[in-house]
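Numbering (the UniProt record's numbering), first residue to last: 1 to 342.
Structure record follows, encoded as structure tokens.
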Amino acid sequence: MTYRIAILGASGYTGAELVRLIATHPQMRITALSADRKAGMTMAEVFPFLRHLDLPRLVKIDEIDFSQVDLCFCALPHATTQEVIARLPKDLKIVDLSADFRLRDPAEYEKWYGQPHTAVELQKEAVYGLTEFYRDDIRKGRLIAGTGCNAATGQFALRPLIAAGVIDLDDILIDLKAGVSGAGRSLKENLLHAELSGGTHTYSAGGKHRHLGEFDQEFSKVAGRPVRVQFTPHLLPMNRGILATVYVKGDAKIVHQTLEKAYENEPFLRVLPFGGLPSTRDIAGSNFCHIGVIGDRIAGRAMVVAVLDNLTKGSSGQAIQNANLVLGIEETTGLMLAPMFP
1 MTYRIAILGA
11 SGYTGAELVR
21 LIATHPQMRI
31 TALSADRKAG
41 MTMAEVFPFL
51 RHLDLPRLVK
61 IDEIDFSQVD
71 LCFCALPHAT
81 TQEVIARLPK
91 DLKIVDLSAD
101 FRLRDPAEYE
111 KWYGQPHTAV
121 ELQKEAVYGL
131 TEFYRDDIRK
141 GRLIAGTGCN
151 AATGQFALRP
161 LIAAGVIDLD
171 DILIDLKAGV
181 SGAGRSLKEN
191 LLHAELSGGT
201 HTYSAGGKHR
211 HLGEFDQEFS
221 KVAGRPVRVQ
231 FTPHLLPMNR
241 GILATVYVKG
251 DAKIVHQTLE
261 KAYENEPFLR
271 VLPFGGLPST
281 RDIAGSNFCH
291 IGVIGDRIAG
301 RAMVVAVLDN
311 LTKGSSGQAI
321 QNANLVLGIE
331 ETTGLMLAPM
341 FP
């Protein structure tokens, strides 16, 4: 069976990544694409790398006939998404890539995003979209809330360790490096080539990054008590990729064994042999996450390094993985493409 797919916000990076991946998906066909400022244009005009594909023209959301859509991906900015999804048919299957439905507590959403949540009833329905840990709920869900890309990376490194109780929950530090596409496609002065290239900088430091809301929510749920991590993100002058170096107190060999056991049957998660460390170049353009573990010269400490592509496994690839589950398709369908190298 072929499912009819709409993508809202197709003129952004995650929208384009959805198109790239769905283009070779054997059971999905794109029937509607929306954009705001670029409505009326073709995808070839907006993204020349997609000019070989036969795609519908970009239109305004109100011009889409959702009765002819089986599943809708929302790749819209936060806050905008709440209003849009509230207007969509109540039986339409939706995979959201924004931040609007990730946090279960509306007060937490207001705390981290600076404005009240305007679709609280929908929030109650949303399923958190970290596929490997919410697979059964996602299969039964209608509205799936994709994770933040940084939040996904940190959780892949830490969730099994927290669940198994093999690390000190009060001493966790996540030092994360991210590519510039994670900031979106909107024009920003600090992302100009002359101001970004050749350097790196820390941003949203000191407990200000919004993805901390997801870490607080998910790690505390796993542990059964409050867990607060230190999290410092850095922006690197590269297009794609996230590398999270996570410092924990615990036996390094046990940390490695715990992760290896947790992910032994996961198709997209690869734990390297003990002492091996991954690179962002190893996962570029793919839906894979690679994880490495090493010890430290200080006894009782370990370092976990996790890498993934922020646009694929961190966003659009994860969204398709979730959509496969929602539609009853084999989870890996359309996502087993090898990483790009060099």
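Note that beta-carbon positions come from the ideal geometry of N, C-alpha and C, so glycine has one too.
Throw me the rounded Cβ distance for the residue i and residue j pair, which I believe falls under 8 Å.
| i | j | result |
| --- | --- | --- |
| residue 211 | residue 299 | No, residue 211 and residue 299 are not in contact; Cβ-Cβ is about 31 Å, not under 8 Å. |
| residue 319 | residue 198 | Residue 319 to residue 198, Cβ: 33 Å. No contact. |
| residue 255 | residue 306 | Incorrect: roughly 12 Å between the Cβ atoms, too far for contact. |
| residue 112 | residue 207 | Wrong, their Cβ atoms sit about 11 Å apart, outside the cutoff. |
| residue 50 | residue 72 | In fact, because the Cβ distance is near 19 Å, the residues do not count as touching under 8 Å. |
| residue 37 | residue 325 | The pair is not a contact, with the Cβ atoms about 33 Å apart (cut-off 8 Å). |
Which residues in the same chain as residue i place their Cβ atom closer than 6 Å to its Cβ, once the five residues preceding and following it in sequence are excluded?
| i | result |
| --- | --- |
| residue 276 | 292 |
| residue 226 | 220 |
| residue 97 | 14, 75, 146, 315, 319 |
| residue 153 | 242, 244, 306, 308 |
| residue 41 | 58 |
| residue 100 | 78, 81, 82 |
| residue 28 | 3, 5, 22 |
| residue 33 | 7, 10, 56, 58 |
| residue 304 | 157, 246, 293 |
| residue 141 | 127 |
Roughly how many angstroms lie between the CA atoms of residue i and residue j, to the nearest whole one?
| i | j | result |
| --- | --- | --- |
| residue 341 | residue 286 | 11 Å |
| residue 323 | residue 77 | 20 Å |
| residue 62 | residue 39 | 11 Å |
| residue 165 | residue 130 | 21 Å |
| residue 179 | residue 311 | 10 Å |
| residue 290 | residue 327 | 27 Å |
| residue 337 | residue 123 | 33 Å |
| residue 43 | residue 59 | 11 Å |
| residue 205 | residue 6 | 36 Å |
| residue 244 | residue 272 | 15 Å |
| residue 282 | residue 148 | 21 Å |
| residue 157 | residue 70 | 34 Å |
| residue 252 | residue 159 | 16 Å |
| residue 21 | residue 259 | 28 Å |
| residue 67 | residue 143 | 17 Å |
| residue 266 | residue 57 | 37 Å |
| residue 240 | residue 335 | 17 Å |
| residue 26 | residue 103 | 33 Å |
| residue 296 | residue 317 | 33 Å |
| residue 263 | residue 280 | 19 Å |
| residue 87 | residue 119 | 10 Å |
| residue 95 | residue 126 | 10 Å |
| residue 19 | residue 331 | 18 Å |
| residue 216 | residue 233 | 16 Å |
| residue 155 | residue 329 | 25 Å |
| residue 117 | residue 107 | 8 Å |
| residue 173 | residue 274 | 20 Å |
Alpha helix (DSSP H) containing residue i: first to last residue?
| i | result |
| --- | --- |
| residue 257 | 252–262 |
| residue 338 | Looking at the DSSP string, residue 338 is not in any alpha helix (DSSP H), and its letter there is neither H nor E. |
| residue 84 | 80–87 |
| residue 43 | 43–46 |
| residue 216 | 212–223 |
| residue 135 | 131–140 |
| residue 320 | 317–327 |
| residue 143 | Careful: residue 143 lies outside any alpha helix (DSSP H), inside the beta strand (DSSP E) at 143–145. |
| residue 13 | 13–22 |
| residue 103 | Element bounds for residue 103: n/a, residue is neither H nor E. |
| residue 158 | 149–164 |
| residue 344 | Only positions 1 to 342 of the chain appear in the structure, and residue 344 is not among them; the question remains open. |
| residue 122 | 120–125 |
Mind checking which residues open and close the beta strand (DSSP E) that includes residue i?
| i | result |
| --- | --- |
| residue 173 | 172–178 |
| residue 245 | 242–249 |
| residue 230 | 230–235 |
| residue 6 | 3–8 |
| residue 73 | 71–74 |
| residue 292 | 289–295 |
| residue 93 | 93–96 |
| residue 305 | 301–308 |
| residue 31 | 28–34 |
| residue 37 | From DSSP, residue 37 is part of no beta strand (DSSP E); its letter is neither H nor E. |
| residue 270 | 269–271 |
Residues in the same chain with beta-carbon distance under 7 Å from residue i, minus the five sequence neighbours each way, listed in chain order, please.
| i | result |
| --- | --- |
| residue 47 | 16 |
| residue 84 | 8, 61, 74, 76 |
| residue 268 | 287, 288, 289, 313 |
| residue 235 | 178, 180, 200, 201, 203 |
| residue 222 | 159, 162, 163 |
Leaving out five residues before and five after residue i in sequence, what residues of the same chain have Cβ atoms less than 8 Å from its Cβ?
| i | result |
| --- | --- |
| residue 168 | 248, 249, 250 |
| residue 237 | 180, 196, 197, 198, 199, 200 |
Chain B beta carbons: is any one of them nearer than 8 Å to that of residue i?
| i | result |
| --- | --- |
| residue 33 | Checking the listed chains, one finds no chain B in this structure; it contains a single protein chain. |
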